[in-house]
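K.L.:
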Amino acid sequence: MFEEFSAVRSGQRIRAMACVAATIGAMLPSSAVSLTISRIQNSASAVTQATLLVPCIQSRRLFKPNLVQDLQQGVKSCGISSRPSHRNVTCEAGTETVSSSPGTVWVQRTVELPPFKRGCHIITKQIYNAVPEINQFRVGIAHLFVLHTSASLTINENASSDVPLDMEDALNRIVPEGNHYRHLDEGYDDMPAHVKASMMGSSLTIPITGGRFKLGIWQGIWLNEHRNYGGSRSICITIQGEKRADGRVYK
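Numbering (the numbering used here), first residue to last: 4 to 254.
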């Protein structure tokens, strides 16, 4: 007797067959054995679940005592664990960490940056300092989100100091100040700041490899301050990934 089960794993469909060659006798008359096997994989979106229903027929001749154990072993051979999954949630000061199965960890923190003058500023070092535990991650994803409507984030040149200056000049030419806007309550620099923020974007997604952001050699994280006096800016940093199995950190 064959029962087919399917599992969703990392966005792909896995189909397999589990062979059930046994029946239950008088010990479990007119009953059914339900075996639910689920596993939360080491990724936020990689969840596998499979449920196998094994009908039990009253027949001593075909009774097999190790039916469940054999079925579990067969499912393991298909790459699905029979160990139940669970979540551990711990909260620290300014940090929420959610662990989904061994190795998969979420870290979220909001960092408040000091006021910057108007222009484009490289903040890669400040972001690293805000999440020192990044050096524990073997692989993962970092998401950065600026909590303002007149500042933005982007990735660009990290070496030449002329590039941020030229970028600011270009943005000012593309979106000039003036009294041709309706929204002038907060000054001539305010409405252009909103337009620039929407053009440049409010978030970044950066891969993590070996405890570091997977940035190109000339790439840096920029905070673009579009107001003359924008004040401090807050950035929410979310990291999801798999830490090193040995508990050590990358240098």
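C-beta: ideal position from N, C-alpha, C; glycine also.
Just so it is clear, the structure is predicted and the values come from calculations on it, not from any experiment.
Among Leu226, Ser163 and Ile240, which one has its Cα closest to the Cα of Gly234?
P.N.:
Leu226
K.L.:
Could you name the residues of the same chain whose beta carbon sits closer than 6 Å to that of Thr127, not counting the 5 residues immediately before and after it, in chain order?
P.N.:
Same-chain partners within the cutoff: Gly223 and Ile224.
K.L.:
The beta strand (DSSP E) spanning Ser206 covers which residue range?
P.N.:
Ser206 to Thr212
K.L.:
Counting C-beta neighbours from all protein chains within 10 Å, is the total for Pro118 16 or more, i.e. buried, or is it exposed?
P.N.:
exposed
K.L.:
Using 9 Å as the threshold, is the C-beta distance between Ile238 and Ala145 below it?
P.N.:
no
K.L.:
Going along the chain, which unbroken runs of the alpha helix (DSSP H) with 4 or more residues stay wholly within the stretch 173 to 236?
P.N.:
Counting only runs of 4 or more, we get 193 to 203.
K.L.:
If you draw a straight line from the alpha carbon of Ile137 to that of Gln129, how long is it in whole angstroms?
P.N.:
13 Å
K.L.:
What number of angstroms, rounded off, separates the C-alpha of Glu245 from the C-alpha of Gly181?
P.N.:
50 Å
K.L.:
Looking at Phe140 and Arg251, is the spacing between their C-beta atoms short of 9 Å?
P.N.:
no
K.L.:
Hey, would you say Asp171 sits closer than 9 Å to Trp221, going by beta carbons?
P.N.:
Note on identity: in this sequence residue 171 is Glu, with Asp being the wrong assignment. Cβ distance not < 9 Å, so Glu171 and Trp221 don't count as in contact.
K.L.:
Classify Pro135 as buried or exposed, calling it buried when 16 or more other Cβ atoms lie within 10 Å of its own Cβ.
P.N.:
With fewer than 16 other Cβ atoms from the protein chains shown falling within 10 Å of its own Cβ, Pro135 counts as exposed.
K.L.:
With DSSP as the reference, label Asn138 as helix, strand or coil.
P.N.:
helix
K.L.:
May I ask you to list the residues that DSSP assigns as paired with Ser153?
P.N.:
In DSSP, Ser153 forms no bridge with anything.
K.L.:
Tell me the rounded alpha-carbon separation between Gly219 and Val114.
P.N.:
24 Å
K.L.:
Is Val166 helix, strand or coil when you go by DSSP?
P.N.:
helix
K.L.:
The alpha helix (DSSP H) that contains Ile125, what's its start and end?
P.N.:
Taken as a continuous stretch (DSSP letters only), Ile125 belongs to no alpha helix (DSSP H), being part of the beta strand (DSSP E) at Gly122 to Ile125.
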